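Working notes, beginning with the structure itself.
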Amino acid sequence: MNIYTVELKNQPGELAHVCEVLGHSGVNIECAGTTTGDHGTVCFVASDESAAAAALEGAGIDFTAHPALQVRCPDQPGEVAKFARRLANANVNVNWLLPVSICQGEVLFALCADKIDEARSALGDQAFG
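If you want my numbering, it's the position in the sequence shown, counting the first as 1, plus 4.
Below, the structure is given as structure tokens:
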């Protein structure tokens, strides 16, 4: 699994353009974004990673694919703090954390970290992919 990031100008239509390119290629996404000053970043996971990459490349949209783990935890207060503390104690820095599903009392996250193997070890059976 990858988390994709695209840097955008902070102006109307930028997010729409990226999402339209992906949608027209039949790619479903789970998306989040943020802006600071004159630029923004959108991050997403894609239902079809090769189609997403081909669509973005075909549209001339620069992107980065970041290898990610899938992490599951109960949907209740303090659960992210628990796994974030385990990562911190293992000296793992979290680069991206994107919720991709919340269903039946469980949250599934996509997580990118500076040390993916150490993150996987620190999280044990809570991490997969």
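Every residue, glycine too, gets a C-beta built ideally from N, C-alpha and C. Just so we're clear, the structure is a prediction, and the values are computed from it rather than from any experiment.
If I follow the unbroken alpha helix (DSSP H) through S125, where does it start and stop?
Mapped onto the sequence shown, residue 125 falls at position 121. Here the alpha helix (DSSP H) through S125 covers I120 to L127.
By how many angstroms is the C-alpha of Q130 removed from the C-alpha of A94?
Taking the sequence shown and counting its residues from 1, the one referred to as residue 94 is at position 90. Taking the sequence shown and counting its residues from 1, the one referred to as residue 130 is at position 126. Using only the alpha carbons, I get a separation of about 15 Å.
How big is the Cα-Cα spacing for V98 and N6?
Taking the first residue of the sequence shown as 1, we reach residue 98 at position 94. Taking the first residue of the sequence shown as 1, we reach residue 6 at position 2. So the alpha carbons of these two residues sit roughly 14 Å apart.
Only counting the same chain, and skipping five residues up and downstream in sequence, which positions put a Cβ closer than 7 Å to that of G124?
As a working mapping, residue 124 is identified with position 120 in the sequence shown. Reading off the sequence, residue 124 comes out as Arg, not Gly. If we look at R124 and ignore the five residues flanking it on each side, its Cβ neighbours are L73 and A131.
With the cut-off set at 9 Å, would you say E53 and A36 are in Cβ contact?
Your numbering for residue 53 matches position 49 in the sequence shown. Your numbering for residue 36 matches position 32 in the sequence shown. For E53 and A36, no; Cβs fall outside 9 Å.
Considering only their Cβ atoms, is the gap separating E18 from A114 smaller than 9 Å?
Counted from its first residue, the sequence shown places residue 114 at position 110. Counted from its first residue, the sequence shown places residue 18 at position 14. In this structure, E18 does not lie closer than 9 Å to A114 by Cβ.
With a Cβ-Cβ cutoff of 9 Å, do L96 and P103 count as a contact?
Position 92 of the sequence shown, counted from the start, is the residue given in the question as residue 96. Position 99 of the sequence shown, counted from the start, is the residue given in the question as residue 103. Position check: residue 96 holds Val in this sequence, whereas Leu was assumed. The answer is no: Cβ separation not under 9 Å.
Kindly provide the ranges of any alpha helix (DSSP H) runs that are 4 or more residues long and lie completely inside the stretch 58–117, ordered along the chain.
Runs found: 83–93.
For a test of the three-state rule: what should DSSP assign to G136, helix, strand or coil?
No statement about residue 136 is possible, as the shown extent of the chain runs from 5 to 133 and does not include it.
Run the CB neighbour count on A20, radius 10 Å, all protein chains shown included, and call it buried at 16 or more, exposed below.
Locating residue 20 in the sequence shown gives position 16, counting from the first residue. The residue is exposed, with fewer than 16 neighbouring Cβ atoms inside 10 Å.
Taking the beta strand (DSSP E) that G44 belongs to, which residues open and close that run?
Mapped onto the sequence shown, residue 44 falls at position 40. Taken as a continuous stretch (DSSP letters only), the beta strand (DSSP E) holding G44 covers H43 to A50.
Quick check: P71 and C116, are their CB atoms within less than 9 Å of each other?
Position 67 of the sequence shown, counted from the start, is the residue given in the question as residue 71. Position 112 of the sequence shown, counted from the start, is the residue given in the question as residue 116. Taking 9 Å as the Cβ cut-off, P71 and C116 qualify as a contacting pair.
In this structure, how does DSSP classify G37 when only helix, strand and coil are distinguished?
Position 33 of the sequence shown holds residue 37. Residue state, collapsed to three classes: strand.
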